[in-house]
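Residue numbers (this note's numbering): 50 to 251.
Built from N, CA and C at the ideal position, the CB exists for glycine as well.
Report on the following structure.
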């Protein structure tokens, strides 16, 4: 089961994430991953044709968020780890499996009663870059246990079952999709060994 640190919400552009989680880059360098190689690790329940079509829809819907300001304008706001020690505490990493990056969540999508929409992921994930510009690398779909209890059947998207996160700071179902950066661990893996938090300032 995927476990992650406790998060507290942070306001960006007047937006504030609260409740359920507590119970960018220049598009010119955003190379799309070798999709077939990543999907080979994913064991998807969807047919290849359907899955490629769904991932193309997701990329088309989120391409504008390579412009980080567009993500902020759309309502995505960063989450911080309150137990983190200063800069870098908002960027999730794992000593053996790589990192995720910094999560930006849209409260309107998070608290929508558990609805799932391929084109509207609840969270965008950015990798902090050396030049100070966050680079969009992945998205995350989230359903709080308050909308779908942990005892229920796991939700499914892209033919993938969501992973339950019973960490006291989360209490939710989650599914990552690494549509904007190659992940040797697989398209839908939680961690990416190609992502680093080295340059995080949050």
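task = Please specify which runs of the alpha helix (DSSP H), each continuous and at least 4 residues long, are wholly inside the stretch 171-251, giving them in chain order.
result = none
message = Could you check whether the stretch 177-190 touches the stretch 206-224, counting it as contact only if at least three pairs of C-beta atoms, one from each stretch, sit closer than 8 Å?
response = yes
ask   = Are three or more beta carbon pairs between the stretch 116-129 and the stretch 143-157 nearer than 8 Å?
value = yes
query = If residue 231 and residue 243 are in contact, beta carbons under 8 Å, what's the gap, nearest whole angstrom?
reply = The sequence position of residue 231 within the chain shown is 182, counting from 1. The sequence position of residue 243 within the chain shown is 194, counting from 1. Contact flag correct, Cβ pair sits at about 6 Å.
request  = Reducing DSSP to helix, strand and coil, say where residue 152 ends up.
outcome  = Sequence index remark: in the chain shown, residue 152 carries index 103 (1-based). Looking at residue 152 - three-state DSSP - the assignment turns out to be strand.
DSSP state of residue 127 mapped onto helix, strand, coil = Indexing the chain shown from 1 puts residue 127 at position 78. Looking at residue 127 - three-state DSSP - the assignment turns out to be strand.
ask   = The alpha helix (DSSP H) spanning residue 165 covers which residue range?
value = For the purposes of this step, residue 165 is taken as residue 116 along the chain shown, with counting starting at 1. From DSSP, residue 165 is part of no alpha helix (DSSP H); its letter is neither H nor E.
ask   = Does the distance from the CB of residue 246 to the CB of residue 96 come in under 8 Å?
value = Taking the first residue of the chain shown as 1, we reach residue 246 at position 197. Taking the first residue of the chain shown as 1, we reach residue 96 at position 47. No.
Cα-Cα separation between residue 197 and residue 163, rounded to whole angstroms = The residue labelled residue 197 in the question sits at position 148 within the chain shown. The residue labelled residue 163 in the question sits at position 114 within the chain shown. Cα to Cα, residue 197 sits roughly 7 Å from residue 163.
query = In three-state DSSP terms, what is residue 117?
reply = As a position in the chain shown, residue 117 is number 68, starting the count at 1. It is helical.
Cβ-based neighbour list, residue 165, same chain, cut-off 8 Å, excluding 5 preceding and 5 following = Residue mapping note: residue 165 aligns to position 116 of the chain shown, counting from 1. Result list for residue 165: 190, 192, 204, 206, in chain order.
Residue 146: first and last residue of the uninterrupted alpha helix (DSSP H) it sits in = Position 97 of the chain shown, counting from 1, holds the residue named residue 146. First-last for residue 146: undefined, no H or E at that position.
task = Could you tell me which residues DSSP puts in a beta bridge with residue 142?
result = Here residue 142 refers to the residue found at position 93 when the chain shown is read from its first residue. DSSP, once it has assigned bridges, lists 148 as partnering residue 142.
ask   = Just checking my contact of residue 174 with residue 149 at CB under 8 Å: how many whole Å lie between their CB atoms?
value = For the purposes of this step, residue 174 is taken as residue 125 along the chain shown, with counting starting at 1. For the purposes of this step, residue 149 is taken as residue 100 along the chain shown, with counting starting at 1. Between residue 149 and residue 174 the Cβ distance is about 6 Å, and since that is below 8 Å, they are a contact.
task = Tell me whether residue 236 is buried or exposed, calling it buried when 16 or more other Cβ atoms sit within 10 Å of its Cβ.
result = One-based indexing of the chain shown puts residue 236 at position 187. That one is buried.
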